[in-house]
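A.B. asks:
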Amino acid sequence: MMKSIGVILKYAAVAVICILALIPFYVLFYLSLNTPSRTLFDGVLLLPDFHFSNYIEAWRVSNIGTAIVNSLIITIGALAVMLGLASAAGYSIARFPHKVNMLIFNVLLVCMMVPAIIITVPLYTLMRSIGGINTLWAMILLLAANGLPLSVFLYTSFIKALPREVEESAIIDGCTYFSAFWRVTFHFLKPITASIVILSGLGIWNNYAQSVFFLQKEQVRTIPLAVSMFFQKYGADWNLMAAAAMIGLAPAVIAFLMFQKYFIKGITAGAVKG
């Protein structure tokens with residue numbers, strides 16, 4: 027009897043947590059389909075007006091189509107740079123833990139503790155000196171560098187748990203360590219790679235704090251900057267802002283659904299086995 031009560035309480039707690047987590051998303055969905063005259067608590071069972079013209083107007087006013095393209099370019103570019111460098115660095119640190127590699131690893135761990143806002147001023151000076159303001163390539167490099175410390179840490183922990191035998195047999199067959207890594211070891215890194223794609227990719231996709239400083243022209247705006255334009259000095263257009271946010275949220279949700287089966291596996295292996 028007590029065991030049944032415990033199981034019921036466990037599932038009830040999970041249900042409550044899920045409901046609390048979904049409330050902000052429902053509020054966003056509700057506002058995106060409502061007319062400005064309605065409040066959140068109007069209507070039967072909190073059903074919206076299904077005013078789909080909000081999405082059309084939000085797309086037109088914010089030029090969110092261009093923002094989505096810019097966000098995709100930056101996110102895919104930054105992930106490609108970050109995954110290539112982080113996986114190679116993680117392999118080097120995990121397989122060759124000599125003093126130089128461990129020093130680099132420890133420096134990267136320290137970098138994880140530095141809030142991004144602290145380095146905004148020197149970053150702005152650097153970006154302006156290299157002509158990186160209002161350019162997508164500079165944001166790709168900047169955001170890739172931001173994600174490197176965590177990515178190297180996760181790759182290092184994951185690779186340490188992999189057996190050496192497979193890559194050693196490739197080396198005996200004539201591969202170098204470099205080719206053995208890319209041809210053999212990297213194949214086994216799918217779970218942690220998917221985890222990093224989700225964790226870092228969402229952070230890059232949603233980046234606002236640095237994008238607002240370095241992407242000031244309309245033609246290089248990303249999704250967060252396009253959504254922020256609905257906030258005005260004397261208020262905000264909540265319905266159009268919610269519609270634009272829903273549009274910008276869709277690619278991130280699709281990416282998560284694509285990689286979710288690897289996500290928990292990669293995080294668990296990287297955290298526990300390392």
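According to my numbering, the residues represented by the sequence shown are 27 to 300, in order.
Note that CB positions come from ideal geometry on N, CA and C, so glycine has one too.
What residues are listed by DSSP as bridge partners for Phe-204?
C.D. replies: Position 178 of the sequence shown holds residue 204. Looking at the DSSP assignment, Phe-204 forms no beta bridge with any residue, so it has no partner.
A.B. asks: Return the chain-ordered list of same chain residues with a C-beta closer than 7 angstroms to the C-beta of His-77, the five sequence neighbours on each side being excluded.
C.D. replies: As a working note, residue 77 is residue 51 in the sequence shown. Answer for His-77: Leu-59, Asn-60, Thr-61, listed in chain order.
A.B. asks: Hey, Ala-115 and Ile-130: beta-carbon distance below 9 angstroms or not?
C.D. replies: On the sequence shown, residue 115 is found 89 positions in, with the first residue counted as 1. On the sequence shown, residue 130 is found 104 positions in, with the first residue counted as 1. It is a contact, given that the beta carbons lie within the stated cut-off.
A.B. asks: Could you give the first and the last residue of the continuous alpha helix (DSSP H) run that contains Lys-243?
C.D. replies: As a position in the sequence shown, residue 243 is number 217, starting the count at 1. Here Lys-243 belongs to no alpha helix (DSSP H), and DSSP marks it neither H nor E.
A.B. asks: Can you grab the Cα-Cα spacing for the pair Ile-301 / Ile-273, in whole Å?
C.D. replies: Given that the chain is displayed from residue 27 to residue 300, the structure contains no residue 301 and the question cannot be resolved.
A.B. asks: With the cut-off set at 9 angstroms, would you say Asn-232 and Ala-268 are in Cβ contact?
C.D. replies: Numbered from its first residue, the sequence shown carries residue 232 at position 206. Numbered from its first residue, the sequence shown carries residue 268 at position 242. No; because the gap between Cβ atoms is not below 9 angstroms, this pair is not in contact.
A.B. asks: Per DSSP, which one or two residues make a beta bridge with Ala-262?
C.D. replies: What you label residue 262 is simply residue 236 of the sequence shown in a count that begins at 1. Phe-257, per the DSSP bridge assignment.
A.B. asks: Helix, strand or coil for Arg-190 per DSSP?
C.D. replies: As a working mapping, residue 190 is identified with position 164 in the sequence shown. Three-state result, Arg-190: coil.
A.B. asks: According to the Cβ coordinates, are Thr-182 and Ala-120 closer than 9 angstroms?
C.D. replies: Here the question's residue 182 lines up with position 156 in the sequence shown. Here the question's residue 120 lines up with position 94 in the sequence shown. With respect to the 9 angstroms criterion, Thr-182 and Ala-120 are classified as neighbours on the basis of their beta carbons.
A.B. asks: Kindly indicate which three-state DSSP category Pro-148 falls into: helix, strand or coil?
C.D. replies: On the sequence shown, residue 148 is found 122 positions in, with the first residue counted as 1. Residue state, collapsed to three classes: helix.
A.B. asks: So what's Phe-51 in DSSP terms, helix, strand or just coil?
C.D. replies: As a first step, residue 51 must be located in the sequence shown, where it is residue number 25. Correct three-state label for Phe-51: helix.
A.B. asks: Count the other CB atoms within 10 Å of the CB of Ile-185; is the residue buried (16 or more) or exposed (fewer)?
C.D. replies: Translated into positions along the sequence shown, residue 185 becomes position 159. The residue in question, Ile-185, is buried, as its Cβ has 16 or more Cβ neighbours within 10 Å.
A.B. asks: State yes or no: is the C-beta of Gln-236 within less than 9 angstroms of the C-beta of Leu-168?
C.D. replies: By 1-based counting over the sequence shown, the position of residue 236 is 210. By 1-based counting over the sequence shown, the position of residue 168 is 142. Cβ atoms of Gln-236 and Leu-168: closer than 9 angstroms.
A.B. asks: Whose CA, out of Lys-125, Asn-89, Glu-193, lies closest to the CA of Phe-212?
C.D. replies: By one-based count along the sequence shown, residue 212 stands at place 186. Measuring from the Cα of Phe-212, the nearest candidate turns out to be Glu-193.
A.B. asks: Nearest-angstrom Cα distance between Leu-35 and Thr-248?
C.D. replies: Indexing the sequence shown from 1 puts residue 35 at position 9. Indexing the sequence shown from 1 puts residue 248 at position 222. So the two alpha carbons sit approximately 43 angstroms from each other.
A.B. asks: In angstroms with no decimal places, state the Cα-to-Cα distance between Tyr-81 and Asp-75.
C.D. replies: Your numbering for residue 81 matches position 55 in the sequence shown. Your numbering for residue 75 matches position 49 in the sequence shown. Rounded to the nearest whole angstrom, the CA to CA distance from Tyr-81 to Asp-75 is 13 angstroms.
A.B. asks: Please state whether the Cβ-Cβ distance between Phe-282 and Ile-222 is less than 9 angstroms.
C.D. replies: The residue you call residue 282 lines up with position 256 of the sequence shown. The residue you call residue 222 lines up with position 196 of the sequence shown. Taking 9 angstroms as the Cβ cut-off, Phe-282 and Ile-222 do not qualify as a contacting pair.
A.B. asks: Report all residues from its chain with a CB closer than 8 angstroms to the CB of Leu-215; omit the five preceding and five following residues, and keep chain order.
C.D. replies: Here residue 215 is taken as the residue at index 189 of the sequence shown, counted from 1. Excluding positions up to five away in sequence, the list reads Ser-113, Tyr-181, Phe-184, Ile-185.
A.B. asks: What's the C-alpha gap between Ile-144 and Cys-137?
C.D. replies: Your numbering for residue 144 matches position 118 in the sequence shown. Your numbering for residue 137 matches position 111 in the sequence shown. Going from the Cα of Ile-144 to the Cα of Cys-137 covers about 12 angstroms.
A.B. asks: Would you identify the three-state DSSP class for Asn-80, choosing helix, strand or coil?
C.D. replies: The residue labelled residue 80 in the question sits at position 54 within the sequence shown. Helix.
A.B. asks: When the distance is taken between beta carbons, is Val-178 closer than 9 angstroms to Leu-134?
C.D. replies: The residue given as residue 134 occupies position 108 in the sequence shown. The residue given as residue 178 occupies position 152 in the sequence shown. Yes, they are a contact pair.
A.B. asks: Answer with buried or exposed for Met-322, where buried requires no fewer than 16 other C-beta atoms within 10 angstroms of its C-beta.
C.D. replies: Because the chain spans 27 through 300 in this model, residue 322 falls outside it and cannot be assessed.
A.B. asks: Would you mind stating whether Phe-256 and Ala-84 have Cβ atoms separated by less than 9 angstroms?
C.D. replies: As a working note, residue 256 is residue 230 in the sequence shown. As a working note, residue 84 is residue 58 in the sequence shown. A contact, by the Cβ cut-off of 9 angstroms.
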